[in-house]
Every structure is written in C-alpha cells, then in structure tokens.
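Chains as they are written, first to last, in this note's numbering: chain A, 39 to 386; chain B, -1 to 357.
To start, the structure under review is shown below, and the notes come after it.
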Amino acid sequence: MMLVSSLRRASHAPWFTSMVTVVLLVIMLLAGAAGYDGFLSPQVMLNLLIDNAFLLVVAIGMSFVILSGGIDLSVGSVLALTTMVAAFLLQHWHWPPLLVMVTVLLMGAGFGAAMGAMIHYFKLQAFIVTLAGMFLARGLCYLISIDSITIDDPFFTAMSQTRIEFAGLFISPSVVIALIVLAVAIWMAHGTRFGRAVYAIGGSESSAMLMGLPVARTKVLVYAFSGFCASVGGLLFSFYMLSGYGLHAQGVELDAIAAVVIGGTLLTGGYGYVAGTLTGVLILGVIQTLIAFDGSLSSWWTKIFIGALLFVFCVAQRIISLGALRGKPAGSAKAAPVGASAGFSKLS
Amino acid sequence: MSASMDSKLIPDAATHAGGAGWTALLRHPLVRPLAALALLLLIDFLLVPGFFRLEIKDGHLYGALIDIVNRAAPLMLAALGMTLVIATRGVDISVGAVVAISGAVAAILIGGKMVVVNGVPEYVSNVPMVWALAAAMGAALLCGAWNGVLVAGLGLQPIIATLILMVAGRGLAQLLTDGQIVTVYYKPFFFLGGGYLFGLPFSLYIAVGMFLLLALLMKKTALGLFIESVGINPVASRLAGIRTAALIFFVYMFCSACAGLAGLMIASNIKSADANNAGLLLELDAILAVTLGGTSLAGGKFSLVGSVIGALIIQTLTYTIYSLGVPPEVNMVVKSIVVFLVCLSQSPQFRRMLRMSKS
C-alpha cells in the first residue's frame, strides 16, 4: 500500500517519465546480458555511444524544439546536406577543414533560423514548414551531386580513425564532441534564461508572451539551435562515413523524435529533460545492438521495436497527463475527453 | 424621369453585378490551383513537343495527358483521404506505410504459380484474387482503426499517433515480404493499375469513383458539415452533440482505406510489392496536394476537387521536370519552394506584410 501511494506520488513528479526510461534501459541491458555472452562488456556500451554520437547531437536539438512545443522534421535532411556541402567544399574547392566546418555549422543554424522565423512571424505550422525544409535540404543535396562524394581530407580521416584510449577501452573524438554538446545543452536548458523561456513557451505560448518573455527570439533560436545540432550531427556523420551523400541519414528525424519521446519529453511541450534524450538514444542503440547480437532477427525488427516503444511511451504519457487532469479537483476528470480532443489540435 | 432613371440604373446594376461576379469568381478558392495547373500545362504546351497529342493504340488512348492521369491516380486517392483527415485538424503520415502493407499482403496472397494447362503454361494465383484484395484492404482498414483509436480514443496528437505506424508499418511490410521484392505473375491483377477500360486507364475510374462517392457523401449527408465543424472547433462540436470521436475514427479509417487502395494500384502497376520503396514519401505528396488544393492545414473547410487538382499539379510538375531533361532530383527543391509559397500565401500575417510594403 505504501509502495502504491509512493509510486502514485512519484508519477506526478516532473522527472518520472525520464526515470521510467532509465529503468527500461537497465532492464534491457540486463536482458541482453542474460541472453548473450559479452553483451554487457564496457566496450559494447561505449560502441553504443560511438555509433550513435551523431544521433545524440541531432536528438538534443530536437529536444529543445519539442520542449518549446514545436517539431522539426528537417533534421535528417539538414544532416545529409551538411555531409554533402562539407564533402564538396573539401574535395572540389579544397577549402581548409576548419573553414568548411564553420561554414556548414553556420549554414545549418541559418537554415533553422529561417524556418523558425517563418513559423513564428507568419504563424505557419512548424510541421509543414519543416516538412518543406526537409524536401528543400534533400533536394539541395542532389543539386550538388547525385553521387556520393568520398572525403579524403587528412583532418576528417584523422577524426575518423583516432581512438581515444583509456583503461584498455576506447572512444572516438565524435563521442567527446557529442558529450560536450550534451553538457552545454543541459546547462542551456536549466541554467539560462533561454532555457527557461523554452520551457515557458512549451507550457503556454500566450502566457509566455504575457509574462514578457522574448517569445519571437526564443522560437527562432530554438529552430536555429536544432539546425546547428543537425549540422554538428552531419559533421560527426561525415567523420563516421567519410563521405557526403544525399541519401545519408534517411529517416533520422524519426529516430530523433523517437529518442526524445522515449527519453520522457512530452510532445505537447514544456515538460521533460534534455538529459532524458541521452537515455532515449541509448535505448534505440541497445535495440539495434540486441538485434545484432541475436543475429537471427532481421533489420526490420528494429523499426517494429521502435514503433512499439513509441506506442508504449506515447500511451503512457497520455495516461500520465490524463492522471494529472484527474488529480485536479472539481469535475476535471469528466473533462478528460475535452482535453483529448483539444490535445490533438496543438501540433498539427 | 423614371424611365431615364431606370435606364441609368439598369446598366449600373448590370456592371456592378458583373464586377461582383468577376471578383467573386477570382476569389473562388479553386482559382489559384486551377491557374497553377493551367500554367504548368502551358509550359508543357510550349516546351514539350506533342504534349497534348493523344493517339489510339491497341484500342487505348495514349499520350502524355493519359500518362499523367494514370500516374496521379494513387496520389489522388491518398489526397482524398488526407483531405478529410486534415479537415478535422489532423494529419496522417502513415499513408506510405499503409501503401507498403496493402501491396505486400496482396502480392503475397496472389503471387502466381506456373501451371501447365493443356500444354500451355499459365500463371494462377495462390488464393482467389478477390480474397487477396479483400485481405489487403482489411489490413489497410486495420491500420486505419489503429490510427483512429490512438487519435480519437487516446487523444494522441495525430502526427505522433500516425508516426508510430509510419515507423513500424514499413517494418511490418518488410516482415511480410521477408525483406524481398515480391513479384506477382498473375495477369488479372495487373488490370487494376495498368489496365484500360473504354480506352482510359482503369485506375482513373477508381480514383474518380472514389471522388464521386465522397463528394456525394459530403453534399447529400451532414457528414461534410460535421467534419468541417470538428475541424473548426472540436470542443464546441462535441458539446453541440456531434460524436466527435466516432467521426475522427471514421476519417482515419477512410484515409487508410484510400491508402490501401492506392497501394493495390501501385503494386499492380509495378507488378510487385516493394516494402522498402512503395509509397515512399507519398504522405508528403498527399499533404502537398491537399494544401495546393486550398484546404487549410488548420482544419475546417476543405475542398475535395481542390485536392484532386493538387494531385494533378504535382504529377504534371513531375512530368514536366522529367520531360524538360532537368535532373529529377530538382523536383524536391521545386516542390519545397511551392509548399513555402502556398503556405505563405495562406498566412494572413504574410499578406499584411506584403500590403504594407506595397503602400
């Protein structure tokens, strides 16, 4: 009885959904360890980070967008465009790598800012604007070249092959970059005015406006940050693949959204933790690793598992938010269907 | 006196009425999509030799226009379903996955075994084709019911609810086909997406039939009105006694049914089921077609004719780009710019800004 009531109390705490994810991750790791030899070795865990560093960075940008109550469907294409532009500038125009990296990062941030400005100033839906952005970025890739461009720049190759070793284990420089981005993002979300404005806008944009928060600037910055993160992800991806290609990273926007949702951020905005996104990305990685370890399951099971997890988390979020409604007094439990029908009007 | 007044009044009234008629006509929501389509056709007329030429070969009509209409048919179906969903303030991004699933189910069940009858090799289907088609449509309806329950029952945001099926659905289709492209050898199945009836592509009849059925349902019953009212204000509609949840459920079922039919058409046209690529990004084209047709993404008023025209615009655009020898990849850039322009033209804030910069 004590346990039930404390669980119920815990379910109202803001960190609850994120904690559920951590518990799920631990369960999956233990299940993997029980089923397969060598699953829980430290290097396998680090490989999770190495293989998903780019996804982590992209998902961090997506977390901010979703926390602000929006969505960004263009991240996968911006990632591909980054690999393409970087490869083109390096291989055909022979720009120095540093200049290339600065250029593509500015390009990603500018792309995001332009979309954010359209969303805010012209009151367009985030979903349709970023959808068009997704087409545009993918199309621009093909305008540069329809073939894959191999990168043989010494700096990029070095980033690809360097192994940072410690205690017999190793990680790639990409992991370090991704973790730095994560740390900065956590600080931005919880330690800066910008972060508090993002949460406030996600909670209620009109309230945030009435409170005098810089809604316009924050919203544009959120999409700019997401575009920036997509470009950082694109650079990490080109370190990983050593090529630029228009077909790179198809469907990464869905993986990123899935990681954010599984990480416990509420899709209606204003509720969740950027750190939860790390857990979400790791869960997606563990699913892939489990399937790779099993060997008998085909790759499409990954999609089915991710879909199933998304389902479970969305339903759980819904029940929690309905529960929060019921927690309030005076007939608001009966108003749940109203909340249900109002809930879907928010995003699309 | 009175006569002169009359004579003065009448032409005045007539010109006034005429003017009002013209502006009303120009303000008609279908003018812009029709103008866009006409512009594209004009470009084709000027730049593609023999674009409007129609020939009769083997008793069928052949020509660029027929080709466009035939290829636009699946998109028209998907756009019709999407129109209703968008009218209720929703969106269904699982259309492509449903296309893959229904195509996979049909292809597996029909398949085609070679049997030698009287010394002539012949392909027969694994199960009777009617059952296979029914099963494929059943699978599509199941998908629709799933989306409907998530949106109407659980109150998830439509984009997220259908995202689940979008991710998992293609996985399921690949599971069904074991990751392979399943080829169909059974001839009657090809009629659906590649056959001709009275000289016109059969797929066109399906799309037009679906359009007429829907138009009749919307005009002759209160369904259209209910859908609009749910889109304009879900809470008020529910309080006014409209069964909002049932309506939304129906709309998602219908959208998936359209997608399933489109999937059968595509599978029949390419004579196989490709779980990876069938209907890839079809949902985006369908949303684009609906927007081009003048239906606002904010829900409410919708135009079925507009969506059909939108689908034709997209297919004509694709055809034009191909026939002008521009790399087909440019298509995506053009499409995205079109979406930006259409969205901006729908934004009151943008129009106000234009007006201010003019004055």
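All C-beta atoms, glycine included, are put in the ideal place defined by N, C-alpha and C.
Exercise. Do you know how far the Cα of ALA235(A) is from the Cα of ARG255(A)?
Worked result: 10 Å
For this session: Excluding the 5 residues preceding and the 5 following ILE189(A) in the sequence, name in chain order all residues of the same chain whose CB lies nearer than 8 Å to its CB.
Result: ALA124, ALA125, LEU128, GLN129, THR195, SER276, LEU280, SER281 and GLY282
Problem set entry | Beta-carbon proximity check, GLY308(B) vs LEU290(B), cutoff 7 Å | yes
Exercise. Interface residues of chain A around GLN172(B) at Cβ under 7 Å?
Worked result: TRP338
For this session: My understanding is that ALA97(A) touches GLY318(A), with C-beta atoms under 8 Å, so please give their C-beta distance in whole angstroms.
Result: 7 Å
For this session: Provide the residue span of the beta strand (DSSP E) that contains LEU63(A), from first to last.
Result: No beta strand (DSSP E) holds LEU63(A); the alpha helix (DSSP H) holding it covers 54 to 73.
For this session: Alpha carbon to alpha carbon, how far is PHE49(B) from LEU245(B)? Give it in angstroms, no decimals.
Result: 43 Å
For this session: Using alpha carbons as the reference points, say which of VAL60(A), ASN85(A) and SER43(A) lies closest to LEU328(A).
Result: ASN85(A)
For this session: At 3 residues or longer, and completely inside the region 157 to 241 of chain A: list those beta strand (DSSP E) runs for me, N to C.
Result: 202 to 204 and 207 to 209
Exercise. Can you name, in chain order, every residue of its own chain whose Cβ lies under 7 Å from the Cβ of MET100(A), other than the five neighbours on each side?
Worked result: ASP110, VAL113, SER264, ALA294, ILE295 and VAL298
Exercise. In chain order, what residues of the same chain have a beta carbon less than 8 Å from the beta carbon of SER343(B), not counting five sequence neighbours either side?
Worked result: ARG30 and ARG349
Exercise. Tell me, which residues are paired with GLU53(B) by DSSP?
Worked result: TYR60(B)
Exercise. Should LYS333(B) be flagged as near chain A, meaning a C-beta pair shorter than 7 Å?
Worked result: yes
Problem set entry | Spatial neighbours of LYS6(B) in its chain, beta-carbon cut-off 7 Å, leaving aside the 5 residues before and after | Confidence at LYS6(B) is low in this model, with a pLDDT of 41, below 50, so its placement is unreliable and the value that follows should be read with caution. The answer is none, since no qualifying residue turns up.
For this session: Would you kindly work out how many angstroms separate the C-alpha atoms of ALA71(B) and PRO252(A), rounded to a whole number?
Result: 47 Å
Exercise. Using a Cβ-Cβ cut-off of 8 Å (strictly less than) and excluding sequence neighbours within five positions of MET263(B), which residues of its own chain qualify?
Worked result: ALA71, PRO72, LEU75, LEU190, GLY191, SER201 and ILE204
Exercise. Where does TYR311(A) sit, in a helix, a strand or coil, going by DSSP?
Worked result: coil
For this session: Identify which residue in ALA95(B), ARG87(B), LEU45(B) and HIS58(B) has its Cα closest to the Cα of GLU281(B).
Result: ALA95(B)
Exercise. So, do the region 52 to 72 of chain A and the region 88 to 97 of chain A have three or more beta carbon pairs nearer to each other than 8 Å?
Worked result: no
Exercise. Does PHE102(A) have its Cβ less than 7 Å from a Cβ in chain B?
Worked result: no
Exercise. Rounded to whole angstroms, how far is the Cβ of GLY101(B) from the Cβ of ALA276(B), which I believe are closer than 8 Å?
Worked result: 5 Å
Problem set entry | Straight-line Cα distance separating SER266(B) from SER383(A) | Bear in mind that a pLDDT of 38 at SER383(A), under 50, signals an unreliable position, so the number given afterwards is only what the model happens to contain. In a straight line, the C-alpha of SER383(A) is about 37 Å away from that of SER266(B).
Exercise. Do GLN155(B) and LEU220(A) have their C-beta atoms within less than 7 Å of each other?
Worked result: no
Exercise. Alpha carbon to alpha carbon, how far is ASP65(B) from TYR317(B)?
Worked result: 9 Å
Exercise. For chain A, is any of its Cβ atoms less than 7 Å away from the one on GLN313(B)?
Worked result: no
For this session: State yes or no: is the C-beta of TYR180(A) within less than 7 Å of the C-beta of GLY76(A)?
Result: no
Exercise. Helix, strand or coil: how does DSSP classify ALA273(B) here?
Worked result: coil
Exercise. Over what stretch of residues does the beta strand (DSSP E) that includes THR303(A) continue unbroken?
Worked result: That residue, THR303(A), is in no beta strand (DSSP E); it is neither H nor E in DSSP.
For this session: Using a Cβ-Cβ cut-off of 7 Å, state whether LEU305(A) counts as contacting chain B.
Result: yes
Exercise. Taking just the CA atoms, how far does PHE173(A) sit from LEU292(A)?
Worked result: 15 Å
For this session: Taking only the alpha-carbon atoms, compute the straight-line gap between GLN81(A) and ILE88(A) and give it to the nearest angstrom.
Result: 10 Å
Problem set entry | Integer-rounded CB distance, given that ALA164(A) should sit under 8 Å from GLY108(A) | 4 Å
For this session: Using the Cα positions of GLY222(B) and HIS286(A), report the straight-line distance between them to the nearest angstrom.
Result: 43 Å
Problem set entry | 7 Å Cβ cutoff, LEU348(A) in contact with chain B | yes
Exercise. Buried or exposed: where does ILE239(A) fall if 16 or more other Cβ atoms within 10 Å of its Cβ makes it buried?
Worked result: buried
Exercise. Would you say TYR261(A) reaches chain B, if we count a Cβ-Cβ gap shorter than 7 Å as a contact?
Worked result: no
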